[in-house]
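Comments concern the structure below.
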Amino acid sequence: MATQDTHDDTDPADSPQAAALIAVLAAAFSLSAAAIRNLATIIYSARIQAYSQVYQAIAQTVGASLPADWVAPDVVLAAQSDAALAAAQSVAATLARDVTADATRLVNNWVATHAALPDPLAPLAETQYTLTLQLRIEVVQRGQWKAAQISLTEVAQAQKVATQDAVHAVQDGTLTDPSGDTIDVSQYVIAVLPAGSSGDASCSEYAGNTYPLSDDYILDLFPAHVGCIHSAILLLASEA
Numbered sequence: 054m055a056t057q058d059t060h061d062d063t064d065p066a067d068s069p070q071a072a073a074l075i076a077v078l079a080a081a082f083s084l085s086a087a088a089i090r091n092l093a094t095i096i097y098s099a100r101i102q103a104y105s106q107v108y109q110a111i112a113q114t115v116g117a118s119l120p121a122d123w124v125a126p127d128v129v130l131a132a133q134s135d136a137a138l139a140a141a142q143s144v145a146a147t148l149a150r151d152v153t154a155d156a157t158r159l160v161n162n163w164v165a166t167h168a169a170l171p172d173p174l175a176p177l178a179e180t181q182y183t184l185t186l187q188l189r190i191e192v193v194q195r196g197q198w199k200a201a202q203i204s205l206t207e208v209a210q211a212q213k214v215a216t217q218d219a220v221h222a223v224q225d226g227t228l229t230d231p232s233g234d235t236i237d238v239s240q241y242v243i244a245v246l247p248a249g250s251s252g253d254a255s256c257s258e259y260a261g262n263t264y265p266l267s268d269d270y271i272l273d274l275f276p277a278h279v280g281c282i283h284s285a286i287l288l289l290a291s292e293a
């Protein structure tokens, strides 16, 4: 009578138990719906502050008169709110992807290291605790530089929109001098600063150059990429 082979050749790293552990680890460091909303609120506040500062600075540069209680229009507030929520959701999706990849790697490494044991993941509670500590270190380390990157990106995007809106307001006469007269746009240029560039083709062609306000398409180009140090700003032609 043939003997039935009950040996299980399933790789422990591919087992349902390993998959469940990966899911638990990833979930522990993913953002909840409430956390995403809180992040969106923080991003929104930073965006509105950056927008307001740049718009008011440009108004001052061109000698325009803004009310003492000026605030960004409702349409701007709504657009920045939508952008902040989209950014927060993108951050959450990226984090979920990254921690899942990290958790998968940690579990696979653990199984490989303990492959000689009958059950490499046992005792599961202790394994989960140890891997959670390891994953926390990686998440914190990544978060330190990602937070700075996200902050710079979101502020730069709001500054870009503010510059576009203010320049267009000068061009169409929405922003006027204190007498209500239109502003002579020929006095001003768009400058791409700083002048230096790392050689990135998307920046080196423009960095340090100035353009008439009629070339306002330049405002759409910067920041040109994640981590871009360049911005397109409004300057008096005599100071450029």
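In my numbering, the protein residues as written are 54 to 293.
Glycine included, every Cβ here is placed at the ideal spot set by N, Cα and C.
- The residue among Val128, Ala131 and Ile203 with its C-alpha nearest the C-alpha of Gln142 is Ile203.
- In the DSSP annotation of this structure, the continuous segment of the alpha helix (DSSP H) that includes Ala146 starts and ends at Asp127 to Thr166.
- Between the region 117-134 and the region 155-164 there are fewer than three inter-stretch CB-CB distances shorter than 8 Å, so the stretches are not counted as touching.
- Cβ contact annotation for Arg195 (same chain, cutoff 8 Å, sequence separation greater than five): Asp151, in chain order.
- Of the other Cβ atoms in all chains shown, fewer than 16 fall within 10 Å of the Cβ of Tyr270; this residue is therefore exposed.
- The Cβ neighbour count for His283, taken over all protein chains shown within 10 Å, is at least 16; the residue is labelled buried.
- Rounded to the nearest whole angstrom, the CA to CA distance from Ala169 to Leu78 is 24 Å.
- Taking C-beta atoms under 8 Å as the contact rule, Leu272 and Ala290 fail to qualify, at a distance of about 17 Å.
- Bounds of the alpha helix (DSSP H) holding Tyr182 are Leu177 to Asp225.
- Residue environment for Glu258: exposed (fewer than 16 other C-beta atoms within 10 angstroms of its C-beta).
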